[in-house]
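Sequential numbering from 0 applies to the sequence shown in numbering that gives the first Met the number 0.
Don't be surprised by glycine CBs; every beta carbon is placed ideally from N, CA and C.
To keep things clear, I will list the structure first and then write my remarks on it.
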Amino acid sequence: MSQSFSMVANLKNIILVPTDFSEACLNAANQAISMAKLLNYEVVLLHVINSQTKAFLKDEDLPTEAIQHKITVLADDLSQLNKIDIDFIIREGSIFTTISDVAEKIGANLIFLGTHGKTGIQHLTGSFALKVISSSPVPVIVVQKRPFDKGYKDIILTVSSGLGPMEKTQWAIYISKQFNATIHIFVKGDANEEIKDAAEEIANYFDKNNIGYSYKEAERHSQFAKQTCDYATSINADMILLMTNPEKGLASFLLGNDDEEILFNSSQIPVMCLNPRRLNYELNI
């Protein structure tokens, strides 16, 4: 089953929000709407009908059409509350591949992904979210239940390797300009030359673009994820920028490494994930 309004194919600037109608996904939608209103983007909700959806419908003795009713009501309610047009898509498949497929098909610029425990129709928990992120062709902003409704004023940009410094830098500059935000460069302690060079390149680029930033090196090389989360919490950061590295292999990517600890930080700070091997966009800065 697939449902979308005809306008979807014609949109140029889109934020895609997968939803299983849970609190975390509603929070993701609200944050996506806040960003969309500022950037003049469109918001498209997506529900993927998978085996968990079908099990939910069977347990509740509901027809498949109940999903269309739920997402229609959600889109209408959010639209009226926020004075913004909101579209939706219903697609049958696997959330691991369908979300990225839909993002690519409609030309989405961003995905806001709400994650939670086993509370929604679908279990968009940590490992599930990581699989979605690793296949996404666009940046994914991972959102938990904590609301952030005042924009992104303080953003942590981690530098723990020489991987993709320009991708992170360009997005940091873009968000900084849109939200008048300060970027806080946080570098792995006792860094090697590659990491130091990447951090210096980022700082120089910020200088050239008149971006307000701070620079801090972690106290030690180990436990960088914990230090990042502690630093983000101490300055009341609104977002953490993270360059994921799925080339490590999915097993490594899922098993409690630094990426995962930052993504699902206990302070519930949103995390923008950039996948350097999948991104297919250009930013005009």
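Who are V47's beta bridge partners in DSSP?
R90
Would you say T181 and D153 are within 7 Å of each other, going by their C-beta atoms?
yes
Under the three-state reduction of DSSP, which class applies to H183: helix, strand or coil?
H183 carries a strand assignment under DSSP once its states are collapsed to helix, strand and coil.
Can you tell me which of I210, K215, I13 and F178 puts its alpha carbon nearest to the alpha carbon of K195?
K215
Could you check what DSSP says for D76 in three-state terms: helix, strand or coil?
helix
Kindly give me the distance between the Cβ atoms of T63 and L73, rounded to whole angstroms, as I take these residues to be in contact under 8 Å.
The beta-carbon distance between T63 and L73, rounded to whole angstroms, is 17 Å. This is too long to meet the 8 Å contact definition.
Is DSSP giving S213 helix, strand or coil here?
S213: strand per DSSP, three-state reduction.
Less than 7 Å separating the beta-carbons of I201 and A224?
no
Could you tell me which residues DSSP pairs with L241 in its beta bridges?
C272
Got a sec? Which residues, its chain only, sit under 6 Å from T168 by beta carbon, not counting five neighbours each side?
I201 and Y204
Can you give me the C-alpha to C-alpha distance between M34 and Y40, rounded to a whole angstrom?
8 Å
Is the separation between the beta-carbon of L109 and that of I239 shorter than 7 Å?
no
What first and last residue would you give for the beta strand (DSSP E) that runs through I13?
Run containing I13: I13 to P17, per the beta strand (DSSP E) assignment.
Starting from F111 and walking both ways along the alpha helix (DSSP H), at which residues does that stretch end?
Where F111 is concerned, there is no enclosing alpha helix (DSSP H), although the beta strand (DSSP E) it sits in stretches over L109 to G113.
Taking C-alpha atoms, which residue in S160, W170 and E103 lies nearest to N208?
W170
Measure the Cβ-Cβ separation of V131 and G113 and say whether it is below 7 Å.
With a cutoff of 7 Å on beta-carbon distance, V131 and G113 are scored as not near each other.
Determine the extent of the alpha helix (DSSP H) in which I201 is found, giving its start and end residues.
It spans E192 to K207 - the alpha helix (DSSP H) in which I201 sits, taken as one unbroken run.
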